[in-house]
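Everything below concerns the one structure shown next.
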Amino acid sequence: MDSEFDTEDFPFPRAVSRESFAEGTVGDFSPDEFLYKHHRFSALDDLHDELGKLLQQLDTELLNLVNNDYNDFISLGHSIDGGLDIINSIEIDLSSYEKQLLVEREKLSLSAKLVGSDVKFQYATFELKYKAQLLLLLDEQLTHFELVFSQANFSVKQVLSLFLIIHKLYAVVSGFDNVFLTTVLTPKVNRLRFEFHTVLDEQLTQSLRDASDLRVLQLLEAYTVIGEGAKALRLIKGEA
Numbered sequence: 076m077d078s079e080f081d082t083e084d085f086p087f088p089r090a091v092s093r094e095s096f097a098e099g100t101v102g103d104f105s106p107d108e109f110l111y112k113h114h115r116f117s118a119l120d121d122l123h124d125e126l127g128k129l130l131q132q133l134d135t136e137l138l139n140l141v142n143n144d145y146n147d148f149i150s151l152g153h154s155i156d157g158g159l160d161i162i163n164s165i166e167i168d169l170s171s172y173e174k175q176l177l178v179e180r181e182k183l184s185l186s187a188k189l190v191g192s193d194v195k196f197q198y199a200t201f202e203l204k205y206k207a208q209l210l211l212l213l214d215e216q217l218t219h220f221e222l223v224f225s226q227a228n229f230s231v232k233q234v235l236s237l238f239l240i241i242h243k244l245y246a247v248v249s250g251f252d253n254v255f256l257t258t259v260l261t262p263k264v265n266r267l268r269f270e271f272h273t274v275l276d277e278q279l280t281q282s283l284r285d286a287s288d289l290r291v292l293q294l295l296e297a298y299t300v301i302g303e304g305a306k307a308l309r310l311i312k313g314e315a
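What follows is the structure, encoded as structure tokens:
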């Protein structure tokens, strides 16, 4: 008598692993078809335990990703005193971070189709934490900038570095739907931009009058970096 065992290998149960989702699970993914094709001989309890372990592993990797990158970024923010190379590395780190976050989102999305809404809730929690950390970091950098900028003979290079970090951070968080961002951080950033340009103009004018060549060169570099080189030349001609 024919049976399905005449055309198939002996049905040993297969464990669920990350490799189980490596192929054929993008697009029109069907949990029923996936389970029937790969795991129909597995016990439900075993499937539940294996999927739970896989989800826990993904959760741990995502949490480590958020915490590790955040700690690196905090250390960088507190040690800024090095010029434009640091700014370039920040831009690369943020772009890489966003790409990695999208990759983790796709992994968790595939798992959520199998185990229900619990994973979606956990991901939303991690995403909320990620956004909160970036907003707090922006607030810290704004406070640090105001402290340095208030000094009479502030370092142009340090202030420029902080200004560019804040500009990049704000570009990342500006799309967040957040009351603290709208009511507190955005007004701070706008005020900072206005004051930064105003003080640069005052410093350049005064340095030209004092014939402080080194200070003038430092300020010209700052104008060039922020795309205001033409304005600096007009100020110089006006003082000539």
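Sequential numbering from 76 applies to the sequence shown in the working numbering. Yeah, the Cβ is synthetic: ideal placement off N, Cα and C, and Gly gets one too.
Euclidean distance between Cα positions of residue 171 and residue 177:
The residue labelled residue 171 in the question sits at position 96 within the sequence shown. The residue labelled residue 177 in the question sits at position 102 within the sequence shown. Between residue 171 and residue 177, the C-alpha separation is close to 10 Å.
Whole-angstrom C-beta distance between residue 210 and residue 248, which should lie under 8 Å:
Stepping through the sequence shown from its first residue, residue 248 is reached at position 173. Stepping through the sequence shown from its first residue, residue 210 is reached at position 135. The pair is a contact, with the Cβ atoms about 6 Å apart (cut-off 8 Å).
What's the gap between the Cα of residue 288 and the Cα of residue 294?
Start at 1 with the first residue of the sequence shown, and residue 288 comes out as number 213. Start at 1 with the first residue of the sequence shown, and residue 294 comes out as number 219. Counting only the Cα atoms, residue 294 lies some 10 Å from residue 288.
Quick check: what's the CA-CA separation for residue 174 versus residue 180?
Position 99 of the sequence shown, counted from the first residue, corresponds to residue 174. Position 105 of the sequence shown, counted from the first residue, corresponds to residue 180. Each residue's Cα considered, the two are about 10 Å apart.
Three-state secondary structure (DSSP) of residue 78
Translated into the one-based positions of the sequence shown, residue 78 becomes position 3. At residue 78 the pLDDT is 47, less than 50, meaning the model places this residue with poor confidence; the figure from the coordinates comes in the next sentence. Residue state, collapsed to three classes: coil.
Where residue 271 sits in the DSSP three-state scheme:
Taking the first residue of the sequence shown as 1, we reach residue 271 at position 196. Helix, per DSSP.
Using 8 Å as the Cβ pair cut-off and three pairs as the minimum, do the stretch 292-307 and the stretch 228-239 touch?
yes
Whole angstroms are fine: how far does the CA of residue 206 sit from the CA of residue 128?
Taking the first residue of the sequence shown as position 1, residue 128 is located at position 53. Taking the first residue of the sequence shown as position 1, residue 206 is located at position 131. Rounded to the nearest angstrom, the two C-alpha atoms are 27 Å apart.
Close-in-space but distant-in-sequence residues of the same chain around residue 198 (CB under 6 Å, 5 per side omitted):
For this step, residue 198 is matched to residue 123 along the sequence shown. Result list for residue 198: 183, in chain order.
Suppose you measure from the CA of residue 220 to the CA of residue 238; what does that come to, to the nearest Å?
Within the sequence shown, residue 220 is the residue found at index 145, counting from 1. Within the sequence shown, residue 238 is the residue found at index 163, counting from 1. Each residue's alpha carbon lies about 7 Å from the other.
Residue 286 burial status per 10 Å Cβ neighbour count (16 or more: buried)
Position 211 of the sequence shown, counted from the first residue, corresponds to residue 286. Per the 10 Å Cβ criterion, exposed.
How would you write the range of the alpha helix (DSSP H) that residue 240 sits in, first residue to last?
Counted from its first residue, the sequence shown places residue 240 at position 165. 231-248 is the span of the alpha helix (DSSP H), which, as asked, contains residue 240.
In or out: residue 271 buried (at least 16 other Cβ within 10 Å) or exposed?
The residue labelled residue 271 in the question sits at position 196 within the sequence shown. It counts as buried.
Where residue 277 sits in the DSSP three-state scheme
Here the question's residue 277 lines up with position 202 in the sequence shown. In this structure, residue 277 counts as helix in the three-state DSSP scheme.
With three or more beta-carbon pairs closer than 8 Å as the criterion, would you say the stretch 306-313 touches the stretch 274-281?
yes
Going by other Cβ atoms of all chains shown within 10 Å of its Cβ, with 16 needed for buried, is residue 244 buried or exposed?
Counting from one through the sequence shown, the residue named residue 244 turns up at place 169. Per the 10 Å Cβ criterion, buried.
Taking the C-alpha atoms as reference points, what is the distance between residue 256 and residue 268?
Reading the sequence shown from its first residue, position 181 is the one you call residue 256. Reading the sequence shown from its first residue, position 193 is the one you call residue 268. Spanning the two alpha carbons is a distance of roughly 16 Å.
Simplified DSSP assignment, three categories, for residue 171:
If you number the sequence shown from 1, residue 171 lands on position 96. Note: residue 171 maps to helix in three-state DSSP.
Residue environment, residue 274, which counts as buried when at least 16 other CB atoms sit within 10 Å
By one-based count along the sequence shown, residue 274 stands at place 199. Label assigned to residue 274: exposed.
Span separating the alpha-carbon of residue 252 from that of residue 218:
As a working mapping, residue 252 is identified with position 177 in the sequence shown. As a working mapping, residue 218 is identified with position 143 in the sequence shown. Residue 252 and residue 218: Cα-Cα distance of roughly 22 Å.
Need the endpoints of the alpha helix (DSSP H) that residue 296 sits in, please.
Along the sequence shown, one-based indexing puts residue 296 at 221. Unbroken alpha helix (DSSP H) run through residue 296: 288-300.
Restricting to Cα atoms, I'd like to know which of 201, 125, 124 is closest to residue 136.
For the purposes of this step, residue 136 is taken as the residue at position 61 of the sequence shown. The shortest C-alpha separation from residue 136 is found at 201.
Residue 241 and residue 264: beta carbons closer than 8 Å?
Taking the sequence shown and counting its residues from 1, one reaches residue 241 at position 166. Taking the sequence shown and counting its residues from 1, one reaches residue 264 at position 189. Yes.
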